[in-house]
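Just so you know, we're using my numbering here: the sequence shown kicks off at 2 and counts up by one.
Even for Gly, the Cβ is constructed at its ideal location relative to N, Cα and C.
Since this is a predicted model, take the numbers as computed values, not measurements.
Read the structure below first, then the notes.
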Amino acid sequence: MSRLFTAFPIWIILTDMIYSLGLNIAQSMNRQSNQPQTDAITPDIAFSSLQVVSNGGMILIIGFGLIVLLQLNRTVLQKKVLPIGIFRTLGLIAVLAFSLPSIWEWLWAFISLLSGHNVLNLNNIRYLISAICLPAIAILCVYRLFGWYRLQTSLPTLTSNQ
């Protein structure tokens, strides 16, 4: 049950990223169909597809890191050591770079909320849910990395009897 509960924010962010990419592609296609047909590529079309490509690349990198975090979450809860190579390390670094600033932002939002400022916008609930999930992902990533480190250092060293 703990595995499902702790993985829930990761799945929410993964779903939101895929949904956002779908919206971005749909908006890009809609813009291109509304443009008059000319032989030259207009800057709007070029920049629109550039935005889709960069958004897709970001989703690939962060999505890979979130999938690695799901694997790390599962293996640490099962008391197993996940072999972390260079690509998994880069994926987890991307997740931390993506989610750690949200802790800082929520800290300042909480301080502003205590001083009487309105900091929560409920007009788009999807953004609020994503903003709530990001600190949970950062904390989970750091916590599971500490658990992974503890598991790795507590394993008995295998010595060969020769």
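Measuring alpha carbon to alpha carbon, tell me which residue in 24, 52, 67 is nearest residue 93.
With distances taken between Cα atoms, residue 93 lies closest to 67.
For residue 78 and residue 4, which I take to be in contact (beta-carbon distance under 8 Å), what is that distance rounded to the nearest angstrom?
At roughly 5 Å, the Cβ-Cβ gap stays under 8 Å, so residue 78 and residue 4 are in contact.
Evaluate contact between the segment 69-85 and the segment 130-142, counting only Cβ atoms and requiring at least three cross-stretch pairs below 8 Å.
Contact between the segment 69-85 and the segment 130-142 is present, because at least three Cβ pairs lie under 8 Å.
Skipping 5 residues on each side, what residues in its chain have a beta carbon closer than 6 Å to that of residue 104?
Scanning its chain for C-beta atoms nearer than 6 Å, with the 5 sequence neighbours on each side dropped, one finds around residue 104 the residues 136, 139, in chain order.
Can you tell me whether residue 122 is helix, strand or coil according to DSSP?
Residue 122 sits in coil when the DSSP states are folded into three classes, being neither helix nor strand.
Go ahead and pull the three-state DSSP assignment for residue 82.
Under the three-state reduction of DSSP, residue 82 is assigned to coil, being neither helix nor strand.
Distance check for residue 53 and residue 102, CA to CA, integer angstroms please.
Residue 102 and residue 53 have their C-alpha atoms some 24 Å from each other.
Residue from 50, 17, 26 whose Cα sits closest to the Cα of residue 125:
With distances taken between Cα atoms, residue 125 lies closest to 17.
Tell me whether residue 26 sits in a helix, a strand or coil according to DSSP, three-state version.
Residue 26: helix per DSSP, three-state reduction.
Rounded to a whole number of angstroms, what is the C-alpha to C-alpha distance between residue 148 and residue 86?
The alpha-carbon of residue 148 is positioned some 17 Å away from that of residue 86.
Residue 103 - containing alpha helix (DSSP H), residue span
Looking at the DSSP string, the run of the alpha helix (DSSP H) that includes residue 103 is 87-115.
State yes or no: is the C-beta of residue 63 within less than 8 Å of the C-beta of residue 6?
Contact: no.
What do you get for residue 163, buried or exposed, if any count of 16 or more other CB atoms within 10 angstroms of its CB means buried?
Residue confidence for residue 163 is low, a pLDDT of 46 falling below 50, so the modelled location carries little weight; the figure read from the coordinates is stated next. So residue 163 counts as exposed.
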